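Chemist: Letter by letter, the sequence shown follows residues 1 to 271 in my numbering.
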Amino acid sequence: MAWKDAYQYVGKIFNKQERVNGTAQDLHQEAGRQDAALPLAARIGSVVNLQKTPLIRAISQGSLIAMPDDAETRIVAISRVELPISGKMYRYYLNADDETQEKFLQLYCDASGAVVEMLYCSRLTRLIPETVEDQQAYLGENGVGLGDRSYSLWREQLAAIGWDNDSLDTVFADADSVVYERDAGDAAQDFVAPFKGIETRIDDAAGQHGLQQEVVFMPYRRNLAEEGSQTEILLISTEILRSRDGDTNSRGIHVDFMIAIPLEAERLLVQ
Numbered sequence: 001m002a003w004k005d006a007y008q009y010v011g012k013i014f015n016k017q018e019r020v021n022g023t024a025q026d027l028h029q030e031a032g033r034q035d036a037a038l039p040l041a042a043r044i045g046s047v048v049n050l051q052k053t054p055l056i057r058a059i060s061q062g063s064l065i066a067m068p069d070d071a072e073t074r075i076v077a078i079s080r081v082e083l084p085i086s087g088k089m090y091r092y093y094l095n096a097d098d099e100t101q102e103k104f105l106q107l108y109c110d111a112s113g114a115v116v117e118m119l120y121c122s123r124l125t126r127l128i129p130e131t132v133e134d135q136q137a138y139l140g141e142n143g144v145g146l147g148d149r150s151y152s153l154w155r156e157q158l159a160a161i162g163w164d165n166d167s168l169d170t171v172f173a174d175a176d177s178v179v180y181e182r183d184a185g186d187a188a189q190d191f192v193a194p195f196k197g198i199e200t201r202i203d204d205a206a207g208q209h210g211l212q213q214e215v216v217f218m219p220y221r222r223n224l225a226e227e228g229s230q231t232e233i234l235l236i237s238t239e240i241l242r243s244r245d246g247d248t249n250s251r252g253i254h255v256d257f258m259i260a261i262p263l264e265a266e267r268l269l270v271q
């Protein structure tokens with residue numbers, strides 16, 4: 001999938017919101033430079049040195065995060081998430097295989113280009129919303145569902161996807177569920193509309209392979225310890241595939257439940 005193909009849709013979000021900054025050609029030229037001018041000087045193939053202390057500490061406190069394995073030390077794909085905000089969001093994938101556990105580093109840069117937030121993310125599970133009602137809920141339509149004030153994960157849900165009892169005990173102790181609070185908007189509001197954007201991912205430096213998808217997401221957060229020094233984010237993201245490797249006949253919808261741990265800048269080195 002060439003960058004030109006990848007960005008042919010990025011003038012709009014859900015064909016409703018017109019992008020005002022630049023023409024389609026400008027977007028293509030900008031996109032063509034991304035692999036050579038990314039935050040932290042990252043490129044596809046770059047080696048990632050991630051200090052695992054925050055992840056180990058989080059797991060010891062009941063986090064659902066999955067550690068990167070020994071083979072997940074290089075950036076295998078890079079994406080830009082286009083959002084109607086002044087900053088920019090990037091994802092550096094350590095594992096982009098749909099059939100295995102997806103993992104990526106998510107960076108948010110402010111309008112000046114400074115990295116202001118870094119997250120390490122691993123996929124907890126993926127589901128397919130098969131009914132219209134399920135799809136509406138995970139798109140936050142009708143003012144309910146994705147965007148509600150809180151979200152609960154239940155012990156039986158994780159048991160159903162293969163978690164063993166020892167791991168479940170570490171996460172849940174004597175509780176049946178863990179509760180995450182919405183990490184966006186006014187906490188007093190019962191519902192806040194989820195974020196909407198377009199993710200364009202390239203899986204090789206030449207941009208011949210990759211995908212583009214609409215994303216509707218909301219972050220939820222919980223404290224892992226009573227003092228609140230360590231937090232965990234549950235990122236629920238509904239993703240509507242629009243093209244893969246430039247093939248616009250590829251279509252699909254799924255919901256990813258990503259677990260994320262915030263990282264400090266000194267914990268990460270990209271070479």
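Even for Gly, the Cβ is constructed at its ideal location relative to N, Cα and C. Given the structure is predicted, the values throughout are model-derived calculations rather than measurements.
1. Check whether the segment 155-171 and the segment 228-238 touch, using three or more Cβ-Cβ pairs below 8 Å as the test.
2. Do G62 and T231 have their C-beta atoms within less than 8 Å of each other?
3. Can the beta-carbon of D148 be found closer than 8 Å to that of D183?
4. Could you pull out every residue in the same chain whose Cβ sits closer than 8 Å to the Cβ of G145, ignoring the five residues on either side in sequence?
5. What are the residues that DSSP puts in a beta bridge with M218?
6. Could you tell me the alpha carbon to alpha carbon distance between G45 and D203, rounded to whole angstroms?
7. Between G197 and V81, which are expected to be in contact by the criterion C-beta below 8 Å, what is the C-beta distance as a whole number of angstroms?
8. Determine the direct distance from the alpha carbon of S112 to that of Y220, and round the result to whole angstroms.
9. Any contact of the segment 97-108 with the segment 66-75, i.e. 3+ C-beta pairs under 8 Å?
10. Can you give me the C-alpha to C-alpha distance between A42 and L50, rounded to a whole angstrom?
11. Looking at the secondary structure, which residues open and close the beta strand (DSSP E) in which D256 lies?
12. Could you compute how far the alpha carbon of H28 sits from the alpha carbon of R267?
13. Tell me whether the beta-carbon of E226 lies closer than 8 Å to the beta-carbon of Q213.
14. Enumerate in chain order the residues of its own chain whose CB-to-CB distance from N21 is below 6 Å, with the five nearest sequence positions on each side excluded.
15. Less than 8 Å between the C-beta atoms of Y120 and L38, yes or no?
16. Around the C-beta of D26, are 16 or more other C-beta atoms found within 10 angstroms, so that it is buried, or is it exposed?
17. On the DSSP letters alone, give me the boundaries of the alpha helix (DSSP H) that E156 sits inside.
18. Would you decide whether L269 is buried or exposed? Buried here means 16 or more other CB atoms lie within 10 Å of its CB.
19. Per DSSP, which one or two residues make a beta bridge with Q213?
20. With S152 and S122 assumed to form a contact (beta carbons below 8 Å), what rounded beta-carbon distance in angstroms separates them?
21. Restricting to Cα atoms, I'd like to know which of P68, R57 and L94 is closest to R201.
22. Apply the 10 Å Cβ neighbour rule to S243 and answer buried if 16 or more other Cβ atoms are within range, or exposed otherwise.
23. Could you check which residue in L224, S60, A175 and L211 has the C-alpha nearest to that of A96?
24. Does V132 come out as helix, strand or coil in the three-state DSSP assignment?
25. For the beta strand (DSSP E) holding L127, just list the boundary residues, first then last.
Modeler: By the coordinates alone:
1. no
2. no
3. no
4. Q136, A137, Y138 and L139
5. I236
6. 10 Å
7. 5 Å
8. 27 Å
9. yes
10. 14 Å
11. G252 to P262
12. Any reading at H28 needs caution, since the residue's pLDDT is 33, under 50, leaving its predicted position unreliable; the model's value is listed next. Each residue's alpha carbon lies about 33 Å from the other.
13. no
14. Caution applies to N21, whose pLDDT of 36 falls short of 50 and renders its modelled position unreliable; the value that the coordinates give is listed next. Result list for N21: empty, nothing under 6 Å.
15. no
16. Interpretation of D26 is limited by its pLDDT of 38, a score under 50 that renders its predicted location unreliable; the figure taken from the coordinates is listed afterwards. Answer is exposed; the Cβ neighbour count stays below 16.
17. R155 to A160
18. exposed
19. E199 and L241
20. Going by Cβ atoms, the distance from S152 to S122 rounds to 20 Å, so no, they are not a contact pair.
21. L94
22. buried
23. L211
24. helix
25. V115 to L127
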